[in-house]
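Trainee: Just dropping this structure here.
2 protein chains.
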Amino acid sequence: MTTIKDVAHHAEVSVATVSRVINRNGYVNEDTRKKVEAAVEELNYKPNSVARSLFKKQSKTIGIIVPDITNPYFPELVRGVEDYLIKKGFTTILCNSDEDPEKERLYLDVMKQKYVDGVIIVSNMAEREFIDECDIPMVALDRNVHQEMPAFVIDNRDGGRVATEHLFDVGCKRVAHIKGPDQVINSEERYEGYIEVVNGRDWFQDSFVVSGNFEQKQAAQVTKQLLNKHPEIDGIFAGNDAMAVGVLKAAESLNLKVPEDLAIIGFDGIDLTEMTSPELTTLSQPIYQMSRDAAKALITLIEGKTIKQKENLFPLQLLKRQSTKR
Amino acid sequence: MTTIKDVAHHAEVSVATVSRVINRNGYVNEDTRKKVEAAVEELNYKPNSVARSLFKKQSKTIGIIVPDITNPYFPELVRGVEDYLIKKGFTTILCNSDEDPEKERLYLDVMKQKYVDGVIIVSNMAEREFIDECDIPMVALDRNVHQEMPAFVIDNRDGGRVATEHLFDVGCKRVAHIKGPDQVINSEERYEGYIEVVNGRDWFQDSFVVSGNFEQKQAAQVTKQLLNKHPEIDGIFAGNDAMAVGVLKAAESLNLKVPEDLAIIGFDGIDLTEMTSPELTTLSQPIYQMSRDAAKALITLIEGKTIKQKENLFPLQLLKRQSTKR
DNA sequence: ACATGATGTGTAACCGGTTACAGGTCGAAT
DNA sequence: ATTCGACCTGTAACCGGTTACACATCATGT
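Structure representation (structure tokens):
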């Protein structure tokens with residue numbers, strides 16, 4: 001590894017001058033600059049960013065904490081972030097939290113020690129004090145973490161409402177909901193949207209809502225039980241797309257036709273929904289833009305500016321497809 | 001941020017002693033140790049890993065370069081790596097190369113500057129000289145990069161053979177192949193496996209092979225053309241699972257029954273294959289284990305040991321499902 | 001002729017750790 | 001009594017950059 005000293009020696013100047021040349025600051029004589037640049041070229045010198053980080057107290061690295069990259073919703077999110085940041089000269093550290101506050105804490109600690117410049121976090125475990133004492137620029141993505149942290153999210157409650165109403169619009173009479181995990185705020189809000197629409201209807205009872213844990217398999221299983229108990233159900237709003245696939249599978253195994261006997265709508269708009277047959281109607285999130293904007297905001301924070309707009313809501317798009325076509 | 005000096009001052013010892021305590025090396029008197037530990041506790045001191053990296057010339061960070069995290073094959077791969085490495089105290093930098101040698105080079109440069117301890121790479125663009133001059137421990141995953149680099153892969157050619165044979169086993173007479181991108185070695189090898197089986201059969205012609213670029217949509221499109229041209233085809237081996245889904249879609253739009261009129265087999269064994277109906281037969285890779293073993297090997301290299309076994313082949317599993325059930 | 005400010009360059013301190021080395025104590029062996 | 005090695009601790013150099021500051025030169029205006 002060639003160092004700045006090697007370059008300085010080779011160009012017959014001091015290290016300060018070399019530093020000035022490569023950072024383009026301070027005064028440097030044109031001829032000197034050329035000599036240095038030649039030396040840099042010849043020795044194939046690349047400045048050591050660790051040394052630079054130590055002095056500057058910033059690393060040109062950011063962290064992104066997601067629950068699980070294996071969940072098909074997150075890769076696109078991560079990609080949006082990474083794509084934007086690499087252009088800005090930042091590299092991205094990936095962390096899978098499994099929704100475990102302990103792991104989040106650990107990752108945050110490690111990142112702090114590495115002088116990570118900022119963090120994008122998908123979480124609602126928000127231990128407020130801990131986050132605050134971290135003292136790193138942070139933005140929330142997909143879920144609100146707390147009031148002061150800029151968040152890039154969609155309106156889950158409204159989405160829940162729209163999804164449920166869509167099922168009634170296409171003629172459903174009895175609409176059930178497969179809910180995500182209780183501790184995830186998004187699934188809670190989607191559920192609330194659903195409730196807003198169905199509450200007060202004479203047929204509605206709590207047993208029209210079952211928990212699928214955002215997982216396909218579990219959703220398939222509980223759907224079967226649900227439909228056995230309530231054969232009158234003719235529409236299901238699943239809290240995410242993976243569960244919608246599960247519902248589809250369940251319908252199939254019960255010999256129900258989709259959408260004729262049972263209409264299905266998912267949530268998120270991941271590619272998966274185009275792969276099934278019938279293709280799934282879903283509420284699509286602008287995942288890539290959301291994550292890019294979050295990354296953009298993080299850079300803004302890192303540059304020391306503030307962000308006035310705390311909550312940034314992105315529009316959902318209702319993708320009407322075969323699973324609700326009547 | 002509290003530094004080692006603060007701790008030293010607080011415990012009334014020198015920084016050297018503090019360093020010895022936190023690294024558990026050298027001699028330290030029991031009482032001194034306790035004093036220091038108390039100070040560390042009280043000040044909530046966390047050593048600055050950038051400073052440490054600078055001196056030690058290693059960063060407890062590794063990089064993983066994948067073509068595109070958005071491709072459903074890779075998240076699990078990345079997860080396998082990350083899970084293992086975090087346990088060993090390493091963090092993971094994620095890079096999306098888009099199969100672009102230029103980007104790979106760029107990422108590699110950046111990582112070198114950051115004293116990344118090692119790299120796991122999914123690529124076959126292998127500019128041998130460049131990789132060599134990198135002088136960073138590296139292991140290849142999913143594809144061989146070059147002879148000397150330890151690789152964790154499956155036998156694609158054999159897989160291609162097994163997949164094709166399976167279609168004949170279930171009674172297919174005319175088997176076509178949807179091939180992945182030409183420049184990806186894996187798709188080339190799977191194709192070769194297919195050719196080995198069909199070559200010499202009187203009905204076989206080059207037009208039984210079309211290119212789907214590993215993408216669902218393109219595969220659907222070319223499959224339609226293929227089946228219009230060769231209605232006698234009754235089995236299709238798709239070079240990956242996404243394309244198998246595309247084939248399934250195409251069959252559907254042509255009103256062909258799967259598996260009765262057309263049997264389909266994919267490759268990779270991603271979760272997606274269980275989400276379609278009929279569920280897709282596929283050759284399943286032990287993705288998680290493969291990636292974990294690759295991570296393990298990388299650590300071995302980082303510790304300065306060598307790895308005798310260069311090519312590590314993992315077994316493929318034929319998952320027989322509805323799409324080939326006759 | 002001289003003050004002034006822009007330009008150009010080098011020295012050395014600094015970022016926050018690690019560790020070689022020196023120097024000191026102390027108990028046991030000779 | 002002396003030597004020796006184990007134990008304990010501090011000083012300072014070092015990792016590879018950045019930058020404050022000092023100093024020097026030179027063109028310009030008065």
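Residue numbers (UniProt numbering), protein chains in the order written: chain A, 1 to 326; chain B, 1 to 326.
For each residue, glycine too, the CB sits at the ideal point set by N, CA and C.
1. In the structure shown, what three-state DSSP assignment does residue 134 of chain A receive?
2. Find the residues of chain A that neighbour residue 51 of chain B, judging by a C-beta separation of less than 7 angstroms, and give them in chain order.
3. Helix or strand or just coil, what does DSSP make of residue 92 of chain B?
4. Can you tell me the Cα-Cα spacing of residue 214 of chain A and residue 193 of chain B, whole angstroms?
5. If contact means a Cβ-Cβ distance below 8 angstroms, which residues of the region 25-49 of chain B contact chain A?
6. Chain B beta carbons: is any one of them nearer than 8 angstroms to that of residue 175 of chain A?
7. Can you list, in chain order, the residues of its chain whose CB lies under 6 angstroms from that of residue 108 of chain A, leaving out five sequence neighbours each side?
8. If you follow the alpha helix (DSSP H) that residue 80 of chain A is part of, which residue opens it and which one closes it?
9. Under 8 angstroms between C-beta atoms, does residue 272 of chain A make it to chain B?
10. Where do the N-terminal and C-terminal ends of the beta strand (DSSP E) with residue 237 of chain A fall, by residue?
11. Please state whether DSSP places residue 282 of chain A in a helix, a strand or coil.
12. Is there contact here, the region 10-29 of chain B with the region 64-73 of chain A, by at least three beta-carbon pairs under 8 angstroms?
13. The alpha helix (DSSP H) that contains residue 53 of chain A, what's its start and end?
14. State the DSSP-derived secondary structure class of residue 311 of chain B, mapped to helix, strand or coil.
15. Report the partner residues of residue 318 of chain A according to the DSSP bridge assignment.
16. To the nearest whole angstrom, what separates the beta carbons of residue 233 of chain B and residue 166 of chain B, a pair I think is in contact under 8 angstroms?
17. Name the chain A residues that come within less than 7 angstroms of residue 93 of chain B, Cβ to Cβ?
18. Which complete beta strand (DSSP E) runs does the region 240-285 of chain B hold, if anything under 3 residues is left out?
19. Along the region 275-287 of chain A, what residues have a CB closer than 7 angstroms to any CB found in chain B?
20. Taking all protein chains shown into account, do 16 or more other C-beta atoms lie within 10 angstroms of the C-beta of residue 311 of chain B, making it buried, or fewer, making it exposed?
21. Taking beta-carbon pairs under 7 angstroms, can you tell me which members of the region 124-138 of chain B lie near chain A?
22. Once the 5 residues before and after residue 218 of chain B are set aside, which same chain residues still bring their CB inside 6 angstroms of it?
23. Nearest by alpha-carbon distance to residue 42 of chain B: which of B/10, B/303 and B/49 is it?
24. Starting from the beta carbon of residue 221 of chain A, find every residue of chain B whose beta carbon is closer than 9 angstroms, and list them in chain order.
25. Please report whether the beta-carbon of residue 59 of chain B lies at a distance below 8 angstroms from any beta-carbon of chain A.
26. I want to verify the contact list: residues of chain B whose CB lies under 7 angstroms from the CB of residue 115 of chain A, in sequence order.
27. Mind checking the region 68-83 of chain A against chain B and listing, in chain order, the residues whose C-beta falls within less than 9 angstroms of any C-beta there?
28. Are the region 114-130 of chain A and the region 141-150 of chain A touching by the rule of at least three beta carbon pairs closer than 8 angstroms?
29. Which first and last residues belong to the beta strand (DSSP E) in which residue 179 of chain A is found?
30. Run down chain B in chain order and give the residues with a C-beta less than 8 angstroms from the C-beta of residue 112 of chain A.
31. Could you tell me which residues DSSP pairs with residue 211 of chain B in its beta bridges?
32. Please report whether the beta-carbon of residue 109 of chain A lies at a distance below 8 angstroms from any beta-carbon of chain B.
33. Can you tell me whether DSSP reads residue 152 of chain B as helix, strand or coil?
34. Given that residue 205 of chain A touches chain B, what residues does it touch there, using C-beta distances under 9 angstroms?
35. Is any beta-carbon of chain A found at less than 8 angstroms from that of residue 144 of chain B?
36. Could you tell me if residue 260 of chain B is buried or exposed, where buried requires 16 or more neighbouring beta carbons within 10 angstroms of its beta carbon?
Mentor: Taking the coordinates as given:
1. helix
2. 54
3. strand
4. 38 angstroms
5. 46, 47, 48 and 49
6. no
7. 134
8. 74-87
9. yes
10. 235-238
11. strand
12. no
13. 49-56
14. strand
15. A/283
16. The pair is not a contact, with the Cβ atoms about 16 angstroms apart (cut-off 8 angstroms).
17. 91, 92 and 93
18. 263-268 and 281-284
19. 275, 276 and 277
20. exposed
21. none
22. 212
23. B/10
24. Near residue 221 of chain A there are no residues of chain B at all, since even the closest Cβ is about 14 angstroms away, more than 9 angstroms.
25. yes
26. 50
27. 68, 69, 70, 71, 72, 74, 75, 76, 78, 79, 82 and 83
28. yes
29. 175-179
30. 46
31. B/179
32. yes
33. strand
34. What residue 205 of chain A touches in chain B: nothing, since even the nearest Cβ is about 30 angstroms away.
35. no
36. exposed
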